[in-house]
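In the numbering used here, the protein residues as written are 670 to 930. Where a beta carbon is used, it is the ideal one built from N, C-alpha and C, also for glycine.
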Ligand SMILES: Nc1nc2c(ncn2[C@@H]2O[C@H](COP(=O)(O)OP(=O)(O)OP(=O)(O)O)[C@@H](O)[C@H]2O)c(=O)[nH]1
Ligand SMILES: [Mg+2]
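Printed below as a string of structure tokens:
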């Protein structure tokens, strides 16, 4: 997983509150949380065992900090949703439309995750919602430590609903609990209906699956029923909503689902 692909370099993470343009560079050790840098392999035979041990250690530490985040959010009467998809499935577009059109109630705020740029945070800022951008550098996912630092930078109002847009990737983000109340997995019809079975860890973790870009269905080979059935085979009973962020078709069911979070 991520140690193998070399993306777990906490020192390259940058956190920017685009509302105030403040930046947190580098790693915060205030919670004694350390990603455990890979020990040099003393013997080639030991390398595989060491990697498995380090990976388990990394995920166990992440789970501890995710539990801390969960408590932090609960103390503030907040809930977080972790939005995951491949690049371009429509996460930011869904958030823009949700912030602009969801029935008034809780304050909505956002933490954006991308390797580089403030593009998505600037799009959210244009809606008026509080937003922080996390840039992961080489990293291909958000982890609980990054989210904690993002929360400190965001300083969200009590009782708000937090959307976390993870780095566009159907693989690594599935492994890292952030302390969220639910994982929302988005797939768009242009990606192909085989994605649940090809990326089973992501879909097995999903609390909600959204099939987006339904306005493009006439132009692509995508079997909505097959995709939904495969998603349910991996996560029995999971709710699957098909909608178009572009046209607004089906979006009300998303707002109803959100209301129950
Ligand atoms: N036709 C159509 N296009 C859509 C829809 N939703 C999003 N798009 C387009 O898809 C492209 C990618 O949308 P984004 O919202 O940026 O996707 P994302 O998942 O946030 O992408 P990353 O942050 O890069 O992972 C944009 O050009 C959107 O306008 C939709 O329902 N229908
Ligand atoms: Mg985005």
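Beta-carbon spacing of residue i, residue j below 8 Å
i, j, result
"residue 990", "residue 904", "Absent from the structure is residue 990, since the part of the chain shown begins at 670 and ends at 930."
"residue 777", "residue 798", "yes"
"residue 907", "residue 754", "no"
"residue 877", "residue 771", "no"
"residue 795", "residue 781", "no"
"residue 835", "residue 857", "no"
"residue 849", "residue 750", "yes"
"residue 812", "residue 788", "no"
"residue 820", "residue 738", "yes"
"residue 793", "residue 682", "no"
"residue 757", "residue 806", "no"
"residue 940", "residue 810", "This structure gives no information on residue 940, because the portion of the chain shown stretches from 670 to 930."
"residue 872", "residue 900", "yes"
"residue 911", "residue 893", "yes"
"residue 860", "residue 884", "no"
"residue 862", "residue 896", "yes"
"residue 847", "residue 735", "yes"
Residue i beta carbon near ligand 2 (any heavy atom closer than 7 Å)
i, result
"residue 760", "yes"
"residue 765", "no"
"residue 834", "yes"
"residue 862", "no"
Counted within 10 angstroms of its Cβ, other Cβ atoms place residue i as buried (16 or more) or exposed
i, result
"residue 867", "exposed"
"residue 718", "exposed"
"residue 865", "buried"
"residue 766", "buried"
"residue 689", "exposed"
"residue 722", "exposed"
"residue 800", "buried"
"residue 808", "buried"
"residue 726", "exposed"
"residue 761", "buried"
"residue 825", "buried"
Residue i: first and last residue of the uninterrupted beta strand (DSSP E) it sits in
i, result
"residue 830", "830 to 834"
"residue 814", "It is not in any beta strand (DSSP E) - residue 814 instead sits in the alpha helix (DSSP H) that spans 813 to 823."
"residue 681", "Run containing residue 681: none; DSSP gives neither H nor E here."
"residue 688", "From DSSP, residue 688 is part of no beta strand (DSSP E); its letter is neither H nor E."
"residue 911", "908 to 911"
Distance cut-off 7 Å: residue i Cβ against heavy atoms of ligand 1
i, result
"residue 828", "no"
"residue 914", "yes"
"residue 867", "no"
"residue 882", "yes"
"residue 885", "yes"
"residue 789", "yes"
"residue 842", "no"
"residue 905", "no"
"residue 812", "no"
Element boundaries [alpha helix (DSSP H), containing residue i]
i, result
"residue 871", "869 to 873"
"residue 927", "920 to 928"
"residue 775", "Note, residue 775: premise wrong, no alpha helix (DSSP H); not H, not E."
"residue 857", "From DSSP, residue 857 is part of no alpha helix (DSSP H) but of the beta strand (DSSP E) over 851 to 857."
"residue 893", "893 to 903"
"residue 792", "788 to 794"
What ranges does the alpha helix (DSSP H) occupy inside the stretch 712 to 763, keeping only unbroken runs of at least 4 residues that lie completely in it? Correct list: 713 to 744.
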